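In this note's numbering, the protein residues as written are 26 to 512. Notes for the one structure printed next.
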Amino acid sequence: MSRRWARLAIALLLLALAGCVGATGGSSGETSSSEASASPLVADPATLVQPFVSNVQADAIPQGAYVQNQVIVKFKNSGNPRSALGREVAVLQRGQHLDVLAQQTGVDTTVVETLDGIQAGVLEINSGQTVPATVFALSANPDVEYVEPNYLMQLADSVTAPTDGFFAQQWGLNNDGASTVPGDTNFPAGLANVDTRACDAWATTKGSGVIVAVLDTGIRATHVDVDDNLWVNTGEIAGNLIDDDGNGYVDDINGADLRFTSTTDGDLTDENSHGSNVASIIGAEENGTGVVGIAPQCKLMILKVGGTGGAITIELAAAVKGVDYATDNGANVINMSFTSKTSSRALKDAIDRAAAQNVLCVCASGNDTDDLETTPHYPAAYKSPNILTVGAHSPTDTVSEFSNVGATSVDLFAPGGDTMDSGATTPTSASHYFLLGIANTGDNSYIGAIGTSQAAPFGAGAAALLYSHFGGISYSDVRKRLMAGTN
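Written as structure tokens, this is what we have:
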């Protein structure tokens, strides 16, 4: 196949040629679908479901695509001791009123969140200026390295279709060419062996000893298919309402809720099933029930960075904090199934910092049928060396009709489903090649979804298998092996 269309086949990476080992299914339960709802944080919620404008100039920032009255600011050299503003911002603290900045720029702000990993802060605007006007005013200050809105990014999820879950339906792991829902002729057949050959790889490794951080909408932590595979912060004591390990988060046992609107750091409740579905594609347990993940023995670090009220948006500042949290707490792989057409220096700074700790960041390419060479989506299109960008393919060996592509920007394609079969003229629920994962509606509930949101976790899970099998391998070698192992 051409460079543009390279399908993930992880067994080729490991040279493991064995039969499928002990993955079974059969558990059924509640079903659910999720509707995108508007975030209360924006002035014009309707704009959230539209593509972002690819323009970061202060006078052309898209309305409604960011948290109102907030900007992210990074000051030069953590504060210049030779300037009044430099001394004021040398150590940012929550609740700090930036008097000198107000005097110099006319913009009155308060620090509402610190992004310690990249030495930046989230400022709330108190003086009535708009976000674009604030960006323009602050960017002119010589002590400011950069300033940008606290953007809202979109989940790279397309359409959901509820169903019961069992292994025979997981064509991304083992595609036998049958109907993607055995016994139901409404669902189209796939093409045999168009899958990741995960069954072969499991004879060599199942991802033990590897931590995969999932930056998403949370998880159904009590679900039978993931409850034993959640990462545990051993420095924290559950339920005592104390930050035992001094990392700034209270009761962050399995991860943290990093949203600006959060009041409980350890509450990972998934409000729309997106995060649950994504996490389980990576690391659902091999326990004889429901579904199984591509790396069923890895540990899932859950970082809730969006999805408030079931919305389809991710908060930029929360995503930055999520990358930093994962980097600081031992994650090997970070999965980011969200995109924006607006670039963020803060998020790229965090990703570059993760590279220094040998962390691979796996990003969804996005669902807008764009070519990332001419219409970049972020974080997928950042040129950071530790990013692996994943597009979506169908079970019939075609690029998914919605998937973004890119000759050099998309590294490989993984199972992401499709909205139409070859005989359909319009997308319908009966023609979805969905990917199964757990749902947020019950401890035995499952949901099907399609999108590059589902393709990215296949890449993240495959990376986990490599980190596990080779031990001490660099993110660069993981990328090389993943790309060399494509069909």
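All residues carry an ideal CB built from backbone N, CA and C; glycine is no exception. Note that the structure is predicted; figures quoted are calculated from it, not measured.
Is it true that the CB of residue j sits closer than 7 Å to the CB of residue i?
i           : j           : result
residue 484 : residue 413 : yes
residue 274 : residue 174 : no
residue 299 : residue 247 : no
residue 385 : residue 346 : no
residue 301 : residue 295 : yes
residue 358 : residue 481 : no
residue 255 : residue 272 : no
residue 478 : residue 180 : yes
residue 427 : residue 442 : no
residue 261 : residue 250 : no
residue 406 : residue 369 : no
residue 320 : residue 330 : no
residue 420 : residue 361 : no
residue 236 : residue 355 : yes
residue 231 : residue 170 : no
residue 297 : residue 332 : yes
Rounded to the nearest angstrom, what separates residue i and residue j at their Cα positions?
i           : j           : result
residue 307 : residue 164 : 40 Å
residue 229 : residue 379 : 28 Å
residue 522 : residue 411 : Residue 522 cannot be examined here, being either before or after the span of the chain that is shown, 26 to 512.
residue 151 : residue 400 : 35 Å
residue 108 : residue 145 : 18 Å
residue 462 : residue 252 : 14 Å
residue 154 : residue 148 : 13 Å
residue 176 : residue 137 : 16 Å
residue 489 : residue 342 : 26 Å
residue 311 : residue 492 : 19 Å
residue 265 : residue 293 : 17 Å
residue 440 : residue 234 : 25 Å
residue 334 : residue 106 : 43 Å
residue 267 : residue 501 : 38 Å
residue 398 : residue 429 : 10 Å
residue 339 : residue 114 : 27 Å
residue 134 : residue 122 : 6 Å
residue 509 : residue 415 : 14 Å
residue 270 : residue 259 : 9 Å
residue 172 : residue 422 : 43 Å
residue 263 : residue 503 : 34 Å
residue 409 : residue 494 : 25 Å
residue 316 : residue 474 : 14 Å
residue 285 : residue 225 : 43 Å
residue 336 : residue 178 : 11 Å
Contact defined as beta carbons within less than 8 Å: I believe residue i pairs with residue j. What is the distance between those atoms, to the nearest angstrom?
i           : j           : result
residue 130 : residue 162 : 5 Å
residue 465 : residue 112 : Not a contact, Cβ separation roughly 47 Å.
residue 126 : residue 371 : That belief does not hold up - the Cβ atoms of residue 126 and residue 371 are roughly 18 Å apart, past 8 Å.
residue 425 : residue 432 : Contact doesn't hold; Cβ gap of about 17 Å is too wide.
residue 374 : residue 143 : 4 Å
residue 515 : residue 396 : Because the chain in this structure spans residues 26 to 512, residue 515 falls outside the shown range and cannot be described.
Secondary structure at residue i, three-state DSSP: helix, strand or coil?
i           : result
residue 355 : coil
residue 160 : helix
residue 58  : Note that residue 58 scores 31 on pLDDT, short of 50, meaning its location in the model is unreliable; the coordinates nonetheless yield the value given after this. Correct three-state label for residue 58: coil.
residue 187 : Note that residue 187 has pLDDT 32, beneath the 50 cutoff, so the model's placement of it is unreliable and the number below is only indicative. Three-state result, residue 187: strand.
residue 262 : coil
residue 241 : strand
residue 500 : helix
residue 274 : coil
residue 177 : strand
residue 505 : helix
residue 483 : helix
residue 231 : coil
residue 465 : coil
residue 347 : helix
residue 120 : coil
residue 53  : Caution is warranted here: a pLDDT of 29 is assigned to residue 53, below 50, making its placement in the model unreliable, and no coordinate value can be reported.
residue 91  : strand
residue 101 : helix
residue 411 : coil
residue 248 : coil
residue 113 : helix
residue 255 : strand
residue 341 : helix
residue 365 : strand
residue 283 : coil
May I ask you to check if the CB of residue i is nearer than 6 Å to at least one heavy atom of the ligand MG?
i           : result
residue 440 : The ligand MG is not part of the structure shown, which contains no ligands of any sort.
Within 7 Å of any Cβ in chain C, is that where the Cβ of residue i sits?
i           : result
residue 387 : The chain inventory of the structure shown lacks chain C, comprising one protein chain alone.
* **the segment 294 to 310 in contact with the segment 323 to 335 per 3-pair CB rule at 8 Å** => yes
Taking 8 Å as the cut-off, does the segment 388 to 403 touch the segment 361 to 368 (at least 3 CB pairs, one atom from each stretch)? yes
Cβ pair count under 8 Å reaching 3, the segment 91 to 100 against the segment 146 to 160: yes
_Cβ contact (3+ pairs, closer than 8 Å) linking the segment 107 to 118 and the segment 348 to 362_ = no
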